[in-house]
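Data block below; observations after.
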Amino acid sequence: MTPVIEVTGLTKRYGGQAVVDGISLHVEQGEIFGILGPNGAGKTTAVECLEGLRRRDAGQVQILGLDPKTDGHRLHQRIGVQLQETQLQDKLKVREALELYASFYPDPADWRELLDRWGLASKSDTRFGKLSGGQKQRLFIALALIGNPEVVFLDELTAGLDPGARRATWDLIAQVRNSGVTVVLVSHFMDEVEELCDRVAILERGRIAALDTPAGLVDSAGGEYRMRFQPMAPLHERSLVGVPGVTAVGRHGTHVTVTGTGDFASAVTAELARRQVVVADLRIEGRSLDSAYVALTGRTMDT
Amino acid sequence: MNGFGRLALVEGKLFLREKAALIGVFGLPVALVIGFGLIPGFSNPQKGLSDQIGTEYIAALGVAIVLASMGLTGVPMVLGQYRERGVLRRLGVTPVRPLSLLLADLTVWAAAAVVSVAVVIAVVRLAFHVPAPVKPGWFILAVALGIASLFATGLLAASVAPTARGAAGIGWLLFFPNMFLAGVYFPTEEMSATMRQIGNFTPLGSALHAVRDSWMGIDPRPEYLGIMAAWALVAGALSARFFRWDQA
């Protein structure tokens with residue numbers, strides 16, 4: 020299968036400084052592809068070169084077989100874009116915005132259905148300026164989908180949404196993908212990327228620091244899990260030391276902490292069961308994309 | 015309806031939702047001509063105004079004020095905002111170019127200016143028996159060139175200003191000297207020859223001359239029309255070259 024997006028050596032410079040520095044990647048049809056990285060890593064610039072909003076200085080880009088640099092018009096009929104930090108005219112009504120944008124595309128989606136799906140049906144006659152941040156954000160996602168696009172670019176999808184709305188948005192994006200649409204997601208939220216993306220590129224200073232599935236990134240970053248519990252029967256720490264995968268056992272007051280790699284947690288639970296020790300307050304602190312990110316890039320998101 | 019038609023329709027609606035703009039574009043010139051028209055004797059030819067009927071002169075002034083305020087302050091303010099808010103950027107990733115929005119807006123505002131001019135003509139005719147422009151062809155050409163030159167100048171202000179605030183500021187800086195030199199504050203008949211000459215080279219100055227003359231039945235001097243055409247072409251070309259669709 021030919022990739023929907025094929026990027027080779029994409030470079031964009033500002034004042035001689037490469038903001039995007041030789042990025043290569045490809046995205047398959049129906050994939051949700053994440054671009055993760057700290058502020059200033061070049062995520063938005065890179066994606067805007069793909070969208071045809073900025074002109075790249077070097078490299079090759081093919082989206083749906085089209086070059087955004089020379090074939091922008093045809094490309095824009097087939098992609099949908101949600102940009103970061105854009106506004107509409109304050110006095111434009113939600114319905115008017117959707118009708119207007121629908122008129123730009125050869126085969127638009129039904130805007131009423133989009134209104135419903137994105138929870139804006141009751142806001143149809145509300146002016147843009149009167150919408151809350153979350154409603155504006157949902158309107159922009161709806162506008163990105165209005166043209167029945169084959170590829171959707173979403174830049175900071177859930178910015179300004181409350182936790183409930185974020186979760187609902189993730190479900191809807193998963194549905195969008197299930198209908199065969201390819202999604203490129205720019206984000207700096209680990210949980211969002213981990214939840215939604217099939218593959219992730221971590222961008223750092225304009226370069227790809229790592230590219231893999233979220234699970235693959237976590238694995239390649241290594242590290243250990245920790246489990247913590249309160250045994251309800253007497254248990255000597257030493258009895259867990261020999262369990263496969265366990266690297267350390269400690270006791271903190273009434274709680275036992277076991278550190279290990281691989282599938283050690285199942286082995287520990289089996290050992291506890293064999294010894295007929297019931298445990299309470301069991302917690303497993305897994306490695307997450309968060310810690311993998313720090314391990315891979317040597318820094319946290321905010322720096 | 016295609017993208018451009020829709021854009022023009024929507025921008026037209028948005029224009030009608032701006033109460034302040036409506037008062038400025040339609041209310042102000044009408045209030046001006048009615049206010050002056052009620053002055054006793056003002057509906058006779060005035061010596062200090064090259065024998066133009068006072069109310070007719072004020073009506074021409076009203077036309078000039080509409081063209082100048084829309085072109086020099088309205089155009090840069092709205093386009094500066096559209097750029098700063100990312101409205102133009104957002105259109106840049108649709109099959110419709112942001113240029114379509116720009117042209118749709120200019121079309122809507124030009125239409126509003128034409129309607130406002132028609133209203134002024136109707137009001138002074140019905141209320142004060144001021145004749146309609148005696149040379150309608152020249153009058154229409156004068157208004158059209160006035161719109162083109164002042165809108166293009168406003169467009170240039172929006173092109174070179176980095177922010178919406180800056181664009182609006184430049185617009186106002188252009189607006190007041192233009193109004194002054196064109197003879198809106200006091201008639202060019204009372205100006206020194208040098209000042210009058212400078213005023214003739216401004217888009218508003220030549221627009222007001224051409225509008226006044228054609229209203230009275232005099233063929234406007236070709237240099238007035240030429241000066242407006244030159245402003246339209248030069249400012250338009252510079253805008254095409256320097257207009258930024260994207261906030262830096």
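So the sequence lines, in the order shown, correspond to chains A and B. End of the first sequence = 322 in the working numbering, gap-free, step of one. End of the second sequence = 262 in the working numbering, gap-free, step of one. Think of the CB as a built atom: it goes at the ideal place given N, C-alpha and C, for glycine as much as any other residue. Here the structure is a predicted model, which is why all the values come from computation and not from measurement.
Would DSSP call residue i helix, strand or coil?
| i | result |
| --- | --- |
| E223(A) | strand |
| E237(A) | Checking the sequence shown, residue 237(A) turns out to be Val, not Glu. Helix, per DSSP. |
| R157(A) | helix |
| Q95(B) | helix |
| V148(B) | coil |
| A128(A) | coil |
| D260(B) | coil |
| K62(A) | helix |
| T322(A) | Reliability of the predicted coordinates at T322(A) is poor, the pLDDT of 40 falling under 50, and the value obtained from them is presented with this limitation in mind. If DSSP states are grouped into helix, strand and coil, T322(A) belongs with coil. |
| R103(B) | helix |
| P182(A) | helix |
| Y199(B) | coil |
| Q194(A) | helix |
| L111(A) | coil |
| L139(A) | coil |
| R294(A) | coil |
| I42(A) | strand |
| D76(A) | coil |
| E304(A) | strand |
Have a look at the options and flag the residue whose alpha-carbon is nearest the alpha-carbon of residue i.
| i | options | result |
| --- | --- | --- |
| L155(B) | I48(B), Q261(B), D227(B) and G26(B) | D227(B) |
| Q96(A) | I51(A), L176(A) and P127(A) | P127(A) |
| Q295(A) | E223(A), I227(A), M251(A) and R114(A) | M251(A) |
| L252(B) | A196(B), A224(B) and L170(B) | L170(B) |
| G283(B) | V200(A), R218(A), V297(A) and C68(A) | Here chain B covers residues 15 to 262 and nothing more, so residue 283(B) does not appear. |
| F153(B) | G240(B), F18(B) and D233(B) | D233(B) |
| A221(B) | N58(B), K33(B), L195(B) and S206(B) | L195(B) |
| L176(A) | E256(A), T105(A) and E132(A) | T105(A) |
| M242(B) | A254(B), V157(B) and G197(B) | V157(B) |
| Y120(A) | N16(B), A146(B), H223(B) and M91(B) | N16(B) |
| V195(A) | A178(A), R93(A) and W137(A) | W137(A) |
| L44(A) | M209(A), I227(A), T145(A) and W130(A) | I227(A) |
Distance check for residue j and residue i, CA to CA, integer angstroms please.
| i | j | result |
| --- | --- | --- |
| S78(A) | L117(A) | Here the sequence assigns Gly to residue 78(A), which means Ser is not the residue at that position. So the alpha carbons of these two residues sit roughly 35 Å apart. |
| F29(B) | L36(B) | 8 Å |
| A65(A) | V39(A) | 6 Å |
| R302(A) | L55(A) | 28 Å |
| L230(A) | A220(A) | 4 Å |
| P109(B) | T21(A) | 25 Å |
| G34(A) | R75(A) | 14 Å |
| V39(B) | W123(B) | 10 Å |
| L116(B) | A249(B) | 15 Å |
| G279(A) | E243(A) | 6 Å |
| G183(B) | S163(B) | 19 Å |
| V237(A) | V313(A) | 10 Å |
| L254(A) | L139(A) | 57 Å |
| T322(A) | L218(B) | With a pLDDT of 40 at T322(A), under the threshold of 50, the modelled position of that residue is not reliable, and no figure is offered here. |
| D174(A) | T188(A) | 13 Å |
| S122(A) | H92(A) | 15 Å |
| I42(A) | G71(A) | 16 Å |
Spatial neighbours of residue i within its chain, please: C-beta separation below 7 Å, excluding the five flanking residues on both sides.
| i | result |
| --- | --- |
| L259(A) | V265, V268, V277, V287 and E290 |
| V134(B) | P43, V44, V47, A73, G76 and V77 |
| G148(A) | D109 and K110 |
| L120(B) | F165 |
| V61(A) | Looking at the sequence itself, residue 61(A) is Gly, so the reference to Val does not match. Closer than 7 Å at Cβ, skipping near neighbours: V38, V39, L222 and G225. |
So residue i contacts chain B; which residues on that side make the cut at Cβ distance below 9 Å?
| i | result |
| --- | --- |
| G71(A) | G106 and V107 |
| S122(A) | M15, N16, G17, G19, R20, L21 and V110 |
| H95(A) | G106, V107, T108, P109 and V110 |
List the residues of chain B that residue i touches, going by C-beta distances under 7 Å, in chain order.
| i | result |
| --- | --- |
| F52(A) | Chain B residues near F52(A): none, gap ~18 Å exceeds 7 Å. |
| V100(A) | V107 |
| G92(A) | For the sequence presented, residue 92(A) should be read as His rather than Gly. The contacting residues are P109. |
Against residue i, what residues of chain A qualify as contacts under a CB-to-CB distance less than 8 Å, listed in chain order?
| i | result |
| --- | --- |
| L28(B) | Q108, K110 and L111 |
| V101(B) | T105, Q106, L107 and Q108 |
| R31(B) | K110 |
In its own chain, which residues sit with a C-beta less than 6 Å from the C-beta of residue i, not counting the 5 before and 5 after it?
| i | result |
| --- | --- |
| P263(A) | A286 |
| G2(A) | Look at the range of chain A in this structure, 20 to 322, and you will see that residue 2(A) is not part of it. |
| G68(B) | F56 and Q60 |
| R210(B) | T202 |
| Q249(A) | T273, H274, A299 and D300 |
| R73(A) | E67 |
| A246(B) | A162, S163 and A166 |
Listing by chain order, which chain A residues have their CB less than 9 Å from the CB of residue i?
| i | result |
| --- | --- |
| V24(B) | Q108, L111, E115, A116, E118 and L119 |
Identify, in the order they occur along the chain, each residue of the same chain with its Cβ nearer than 8 Å to the Cβ of residue i, setting aside the five sequence neighbours on each side.
| i | result |
| --- | --- |
| V212(A) | G53, L55, L204, S206, V219, P233 and L308 |
| G100(B) | Q261 |
| T185(A) | In the sequence under discussion, the amino acid at residue 185(A) is Arg, which differs from the Thr named in the question. Answer for R185(A): T177 and E211, listed in chain order. |
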